[in-house]
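In this text, residue positions in the sequence shown follow this note's numbering: the first is 28, and each later residue adds one. Beneath this line is the structure, given in structure tokens, with notes to follow.
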Amino acid sequence: MIFYFSGTGNSFYAASCLASAQKDNLISIAAAMSDMQQSLEYFVEEGGGIGIVYPVHAWAPPQIVLDFIRKINIGGNRPYVFSVATCGSEEGLSTRILRKALKERNINLDSAFTLVMPNNYLFGIDVDSQDVAAHKLRMADEKLITINEKIADKQ
């Protein structure tokens, strides 16, 4: 299972690439949260994994991602858990905050990856030029290959 939240499409793109390569289900965090259930139940088969893909918002995971983690219940086998934080340049404290939220739910974050994508934060800084954005996208595609290999090997 690969859970994702995406505001502008960068995280959706990354999550889609991962789900396709891993032959895994892609689940929208926003859609799951819109059901307004008290808890969200997911079952992990033997050898299964859980991925969480999200954009960095102010050097942290978006609040909806943290709220989602507070509501999930994982049944079945202990999953391999990984995260991918998409960002314009750096992830700040995103992984640390996500790891803590997962730990509070007795879920261990096994691997965490950062994927630099075109900067689309409009307040306070300029967005990337078309050339810079194109370069970042090419580099992101290369890094997604490496991330997929590491996830497949549960590294």
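Cβ coordinates follow ideal geometry from the N, Cα and C atoms, glycine included. All figures in this text were calculated on a predicted structure; none of them were measured in a lab.
L120 beta carbon less than 7 Å from that of K98: The residue you call residue 98 lines up with position 71 of the sequence shown. The residue you call residue 120 lines up with position 93 of the sequence shown. No, they are not a contact pair.
Spatially closest choice to A59 from A167, F32, I172, E73, by CA coordinates: Looking up residue 59 in the sequence shown gives position 32. Selected option, being the one with the closest Cα: F32.
Which stretch, first to last residue, makes up the beta strand (DSSP E) that contains N100? Walking along the sequence shown from the start, residue 100 turns up at place 73. Looking at the DSSP string, the run of the beta strand (DSSP E) that includes N100 is 99-103.
As a quick exercise: from V154, P82, F140, P88, pick the residue whose alpha carbon is nearest that of E176. The residue given as residue 176 occupies position 149 in the sequence shown. Of the listed residues, the one whose Cα sits closest to E176 is F140.
Distance check for V92 and M144, CA to CA, integer angstroms please. Start at 1 with the first residue of the sequence shown, and residue 144 comes out as number 117. Start at 1 with the first residue of the sequence shown, and residue 92 comes out as number 65. Distance between the alpha carbons of M144 and V92 is about 19 Å.
Please state whether DSSP places F39 in a helix, a strand or coil. Translated into the one-based positions of the sequence shown, residue 39 becomes position 12. The answer is helix: DSSP assigns F39 an H, G or I state.
Return the residue from the list G34, N100, L171 that minimises the CA-CA distance to A57. Start at 1 with the first residue of the sequence shown, and residue 57 comes out as number 30. For A57, the nearest C-alpha among the options comes from G34.
Looking at L136: is its Cβ nearer than 7 Å to the Cβ of L129? Numbered from 1 along the sequence shown, position 109 holds the residue referred to as residue 136. Numbered from 1 along the sequence shown, position 102 holds the residue referred to as residue 129. For L136 and L129, yes; Cβs fall inside 7 Å.
Apply the 10 Å Cβ neighbour rule to T173 and answer buried if 16 or more other Cβ atoms are within range, or exposed otherwise. By 1-based counting over the sequence shown, the position of residue 173 is 146. Looking at its Cβ environment, which holds fewer than 16 other Cβ atoms inside 10 Å, T173 is exposed.
Check whether the Cβ atoms of V83 and E118 lie closer than 7 Å to each other. Position 56 of the sequence shown, counted from the first residue, corresponds to residue 83. Position 91 of the sequence shown, counted from the first residue, corresponds to residue 118. Yes, the Cβ-Cβ distance between V83 and E118 is below 7 Å.
In whole angstroms, what is the alpha-carbon distance linking A85 and N52? Along the sequence shown, read from residue 1 onward, the residue named residue 85 stands at position 58. Along the sequence shown, read from residue 1 onward, the residue named residue 52 stands at position 25. If you take the alpha carbons of A85 and N52, they lie about 28 Å apart.
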